[in-house]
Each structure stands twice: as structure tokens, then as C-alpha cells.
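Just below is one structure, and these are the notes that go with it.
Residue numbers (the numbering used here), protein chains in the order written: chain A, 527 to 961; chain B, 527 to 961.
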């Protein structure tokens, strides 16, 4: 039986996992597919790693450019990461009639429209299951399994580094800087962790989730993005007292064609299923109009989990390629002509409940003054925690508000700062209580 | 554009949901598919319900037999339930060249091999996403998304009635009989609830999960099946004290070609994600060799959740049908020729940890006597709870054991009964601590 020929661009961590699976499960894949998968080429500047995995020297090349154009290659798997040469290589591969697979969320969030369009024009596939949630099959779930429903909201824990750090902070009581250092020591955070801890990686993934959930294109620049660097033990402890856990959530909602898209630390009920997703695990929680809530969780990164997602794409694409089939679901669920650039709701109009922490002077009337300014901006208070007098001259005042547009909150916080009612800039964290 | 023509066999709860979705989302489906879905026929003996949903009278027929053979129908959706005439109708539809969709787990667990074989022989599809986990897309996840991995174990909360009852018992402190009555009152349990509460529905679903996870066929008779009727408040309370929750789990594991398959009340760690799945929610927790653990949760039943799964199947099948494609993944993930009738491990060889509750005479030496008999059968004790003396002449003794084959446990419990060490038959519940 004629094999389906695969080329890997990059043989680092994830590429190595793909090589391992292609070796280990070769017989199973051949049975499922009716033809063997053949690793026909690996482009890698440091070929030793690939050789150590048993890849024959003649399969390894330094010339990615030649490999993506090579006749006989059926599927090109891009694992370089970064914007370039990843984008160019994928476009060349598509131009040469190859189906492609990639785990590159940053590149897809920025250049996805271009890549998907080029592939659709030639009737080729773009597999990108590994780009969001690692081994969690959220891409094909949104594209195919939930295709009968209209999605209303998506809440994702989509960055394992941030979730590990927040879990450690919550379980051990250490502050962010120490938890980050621990994560770096344990290989759960990169030496330069900014992309993760500042929320940008989550924002990239959210763009893809928005496209699949709502058939709407947004760019990372349109996603309000905050990371976890300002989360403190104080806020974790008060959150717990109020019945909440703090998670970095990527949140998107659709309302009458307008998209709400944001990444920020979020308080969610401790008893919510998402709050139980700890450590490096990811989860995507989806609210559908007819289906109600479903949740998908698993390891969001790592060599083998991510490799399983890549191989699932390869198997799917190989099956269609062998059958010469045009029956593939469009990459984003809808034909591209129907995927519109979306209107995004400004953050000022986003409605949330809020957790507020003020450093108040320990004297009569402060609580009343804060409440009065909040009330003037239309923020009504749901509950207050004011701790007994400390030795210090300031005491923390914690408030949970009812729902209000963020612009009202901002206006109130500015007024409170201007009037010097409190000693330090107030802290606020958005609450999602009814997810 | 030529429509894809659907026939519904049955227009009860789920059928009504399908009709609603086909109406409500018609434009979206046409966009996704490039052609409209047309509800061309509804077989129903009580046509009023269908008419109330806006189905034109001329679309409704009492003659299911004629409908499944009718030229022009592309996809037949069987929602009769039960073994017959469901089986016969599906076989006739397949014989007439129709693709089929069904939510009928009982029928598939018994006659699946026959149905799948007939469809495969004609290159037709059998969609059965709705048969397990309602709206949770577990069928296509196992078949396609996890196709790159080898599954090791599957743990499912797959019966919403049982999960509701156990959740109510755990949260309110009422006993089984009252919780069942409540569930019946709230429409969460049927008037004749045996199929659910005795575990048979879970066993049917487990047979399908086994086929998809391990490429192995087993019959419901091969699944050791216990329901929840003997779960008591006492055991829920002791479980909690030991850090466990009690769930009805459908469990399957694969070890070197031998399948372990069982349905029974199970103690799992309170902090495990599965323990947080309450009420009518279902969840399937899968352990894959490369992927590690993933979990899929959502509503396991109900009109609209189940209907979304049916429509997802319809859309998928319609897309392939329009493209004349043979690129569809086989119904069970593997070509049927590779799906083997499996060897099932006898329960005596199944290894678990155990929770044991004895009604002991309140006199010295009883604890030692129990421990000694357990030790003789190779059961070692991990922890004991013995409550202070009560007014009664018997006191409960609770033990958690380390892992042992079930045959050893049974031997020990028989010896304890024979020697009249305890006042009543001991209670045992299997523990899954490392899932």
C-alpha cells in the first residue's frame, strides 16, 4: 500500500514526540488508515536529536525550503514556532500542493486568514489541533462536534504555565515571584516567561477559539490582555473567603454579532468545575445555546500530549488525501467567505461583577466615602469584608460589587484616587459568577 | 442547491429537539454545508407533537417502513429506542442506501456489530454520537481526536439519573429511596427506573466506549454491573471522612489485550475532577498512554443536548454524502475486520482497593479477628475508623484496604461471615484512588 509521506519542520520537543509516536504506533496507524505513515523528511539544523530518536540520516535535512517543495511529500508538519520562516514555509508547502499541520498559535492568530485562504483555494487542509489546549481536542470539537449548536460563551484555562503558578500560589501561600522561579526550575515556565505570564499566549489561543466558536476573526491586538504578574497572596486569600478561586481565563462571548474577548485573572466560584483544574492542566468550558455547558480538560502542553494532537491531524488529513475527498469540514467550521472580521466590544462596555481591595485609612467614614463614590458611578455593593484594626495605619477593605460596565468602575476608581480616600491604588479583579 | 433529505423515526423528546434545531439553525447549517438540510419525513404514531413543532402534515407518516425505503431520503435518524423495530428499520435503511444516525445505546450494545457491518459493506455511515454522554462529543473524540494515542483506561459517569440521585444523597443527607422519589418527581428518573439505577444503561454505554477505546467488542452480559440501590448515607459519610466521593462509574481498562469492564458504585478522591461532576452531568475521563488524562463533561441527556449530538452527526454525514467521499473514519475507529471480540478479565482477578464496613459486636478482639481473616486472604489494611461505643450492641468498623484481587476479598468476607465475627453482611465498595 502506498504510504502517506510526512515531512517535519523542526524536531525539538514536540517534533521528537511525533517521531516517537510514528515509530511506536506505526502498526496501529496503518490499520486505522489502510496505509502506512512514512516519516519521509525532517528539517532540522541540529540533526543529532532526530538521529538519537532513530531517524535515519538520509531523512534529515538542513534545507527546509527544499523539503516543503519536494515531490512525493503529502503532509508538511510545521513545528518551528515563531512567525517566520514558519509562515513562509507553510505557504510554500500549500503552494506545492501539500496539506499542512501546525501547532503555531502565535503565527495562526496573526496570519491565520492568509494561511487558511491559501489552503482553501487549493482544497488543502490546515490541521491545527495542537495549537490550543495541547492534547485537548478542542479545535475539532468546536469545528465538528458542536457544529449543530450556536456557541454563546467560551472560558479557557489555556496556558499551563500560568495555571501552574496560580495553583502553586494557592496551595503553598508563596507570592508570584517565587512561584514563577519554582515553575522555571521545574521546566513549567520558560527562561523568558513574558509571552505566558503576560497573557499573550492565551490571547493568541483565544483568537482561534473565537474564530471556531463564533465564525468571527479577531486579532490579538483586539483582545484585552492582562497577565498574572500582579496577583497576590492577599487577593487569593480574600477570594477564598468570598468563595472564589483566581484563574487566568481567556473569555469570549458573542452577543448579536458583537464579540467580547479578554484575558485576565478572574475570580470564579471555588465549586465550579474549572476551579478544580489545577497545575499544568488546561480546560475549555463552553456554553452553547442548545447544549448548555460542556468542559474539555487535559494537559495543555508537553511533548507527548501535543504530539498526539499532531498525529490525530495527520491521520485525519491522510485519510482524506488517500480518498481524494473534498468532504473535509472547513478549517474554521464555516467556509471562509462566511467568516467575518468581527466587531469587538470595548472593555468599557463589558459588564462584570468586581472584587475590589482598598488600602483605607483606619478612621471613621472611609467605608462610607468609598461606597458613596461607587454608588455615584452606578456600582452597587454585594458584600464587604473589613478586617479588625491592625497595628498599621491602613486597613484593607474588600468589596464585591454587583454587575456594572467596566467604564463605571474605572470612573469610580479614578474619583476615589483623586479624592485621596485611600492610601494606594485600588486593586480590582473581575468576577465571573455565573459561568 | 440540492438539499440533503433527513427522515426522523420518532418525534418524541429528542426528535422534537432535532426538529427545533433544524428549524432554528437552518441558515447556519446551510452555510456550513453549502446545501440546506431538509426534514423530508417524520414517522410517528402520534403526529400531534410533530405538528405542534411546525412539521407540515404531509411530512408526517405512520408508515416507518415506507419512509426508510423512500427514494430521495439521504439520512435516516432512528429515535424509536428499544431493540425492535429500531434494529430492523436501521438495517432496511442501510439496505436502501441511506446513511443512518441513532442514539440507541441498548440496541447498539447488543446489535452494533450487525449494524456497523451492514453499513460498512455498503460504504454507509452510522452516526451514534448521541448514544453515550448525550451532548458530550465522546464518540468522535475517541474515534478521531484521540486516534493518535493508545487508550489505557476509561472512567465514565454516563448515567445522569444515577449521578443526580447520588449528588442529592450526598448534598442533602436523604437515603436512596427518597432521592429516587425526588428524581422521579423532577423528571430526572423514569417511572420504571431499573435500567438506570441498576447500572444496565451504563453497561450498554460502556460496551460502546470499550469498542472505541480499545478496538474490542464486548457484550453487556460481559460487564460486571451493579447499580446504586444499595448505597447508603452511612457509606457516603464514611467515604467523605476518608476523603472520597461515591460515584457510579463505568470503568474499562486494557492490559495486554485483556479487557476489564465493570459498572459499580466507586469511591474516588473528593478532589478528583470527576468528583466535581454533579447532578445530571456526565463525564468521561480517559487515560491515554501518550496524552495522559483528559476529561469531557456536559449534560448526558435532555432534549436539546442530545439533539445537538444528532445534528452534529447529520452535518458530518451530509458533508461526506454530498462530496461522494469515502474518507470517513470507520464507525469504531478501526476497520471492522480489526475489531476483535475481546477476552474479558473475570471479576475475581480485578485488582482494587476496598472500603469495608462491618457491623461488629462491641467487645474486645473483634477488630483483631477481622484483620486476621483479611490478612490470611492477602488483604492488608491501609486505615481503620472505629467509632466510640454507641448505646447499641454493634458498632461500625470501617476499613480501607490496599490493592488486592477481588477473589481474595470475597474469600475473606465469606470467612468472616462463616465465623460469625460480625452481625450483618459486610458492605464493600471498590476504591479507585489513582485514576
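Ideal Cβ positions, reconstructed from N, Cα and C, are used throughout, including at glycine.
Item                                                                                                                        : Value
Runs of beta strand (DSSP E) lying entirely within the segment 574-634 of chain A, each at least 3 residues, in chain order : 601-604 and 625-628
Residue 823(A) and residue 809(A) closer than 7 Å at C-beta                                                                 : yes
Unbroken stretches of the alpha helix (DSSP H), 4 residues or longer, contained in the segment 677-712 of chain A           : 686-698 and 702-711
Short Cβ contact (7 Å threshold) for residue 562(B) with residue 529(B)                                                     : yes
Alpha-carbon spacing of residue 553(A) relative to residue 607(A), whole angstroms                                          : 30 Å
Residue 549(B) classed as buried or exposed, judged by whether at least 16 other C-beta atoms fall within 10 angstroms      : exposed
Collapsed DSSP secondary structure at residue 820(A) in the structure displayed                                             : strand
Of the listed residues 927(B), 536(B), 579(B) and 940(B), nearest to residue 879(B) (C-alpha basis)                         : 927(B)
Opposing strand residues paired with residue 884(A) [DSSP bridges]                                                          : 923(A)
Residue span of the alpha helix (DSSP H) that contains residue 894(B), given as start and end                               : 892-902
From 746(B), 659(B) and 956(B), residue whose alpha carbon lies closest to that of residue 829(B)                           : 659(B)
Continuous alpha helix (DSSP H) stretch holding residue 937(A): start and end                                               : 932-944
Identified DSSP bridge partners for residue 792(A)                                                                          : 773(A) and 956(A)
Local conformation of residue 803(B) per DSSP, three classes                                                                : coil
Residue closest to residue 662(A), alpha-carbon to alpha-carbon, out of 913(A), 616(A) and 835(A)                           : 835(A)
Within-7 Å CB hit, residue 675(A) to chain B                                                                                : yes
First through last residue of the alpha helix (DSSP H) which encompasses residue 541(A)                                     : 539-550
Three-state class that DSSP yields for residue 810(A) in the structure shown                                                : strand
Partner residues on chain B for residue 593(A), Cβ-Cβ distance less than 9 Å                                                : By Cβ distance, chain B contributes nothing, its closest Cβ being about 22 Å from residue 593(A), past 9 Å.
Where the segment 549-579 of chain A meets chain B: residues whose CB sits under 9 Å from a CB there                        : 550, 551, 554, 555, 557, 558 and 560
Own chain, CB closer than 8 Å to residue 877(B), minus 5 neighbours either side, in chain order                             : 929, 930, 931 and 932
Residue 747(A), buried or exposed, once every other Cβ within 10 Å from all chains shown has been counted against 16        : exposed
Short CB-CB distance (under 7 Å) between residue 837(B) and chain A                                                         : yes
Proximity test, Cβ basis, 7 Å: residue 825(B) and chain A                                                                   : yes
Short-range partners of chain B found in the segment 851-862 of chain A, where Cβ spacing is below 9 Å                      : 851, 852, 853, 854, 855, 856, 859, 860 and 861
7 Å Cβ cutoff met for residue 685(A) and residue 728(A)                                                                     : yes
Pairwise C-alpha distance: residue 873(B) and residue 960(A)                                                                : 44 Å
Residue 909(B), DSSP secondary structure in three states                                                                    : strand
Min CB distance residue 768(B) to chain A below 7 Å                                                                         : no
Spatial neighbours of residue 919(B) in its chain, beta-carbon cut-off 7 Å, leaving aside the 5 residues before and after   : 887 and 888
Residues near residue 774(B) in its chain [Cβ-Cβ closer than 8 Å; skip 5 each side]                                         : 683, 685, 688, 689, 692, 725, 728, 753, 754, 789, 790, 791 and 792
Reduced DSSP secondary structure (H/G/I, E/B, other) of residue 572(B)                                                      : coil
Proximity winner among 899(B), 909(B), 898(B) and 862(B), relative to residue 560(A) (alpha-carbon distances)               : 862(B)
Among 579(A), 657(A) and 650(A), nearest to residue 844(A) - alpha-carbon criterion                                         : 650(A)
Residue 658(B), enclosing alpha helix (DSSP H) - first and last residue                                                     : Here residue 658(B) belongs to no alpha helix (DSSP H), and DSSP marks it neither H nor E.
Residue range of the unbroken alpha helix (DSSP H) whose run includes residue 797(B)                                        : Neither: residue 797(B) is in no alpha helix (DSSP H) and is coded neither H nor E.
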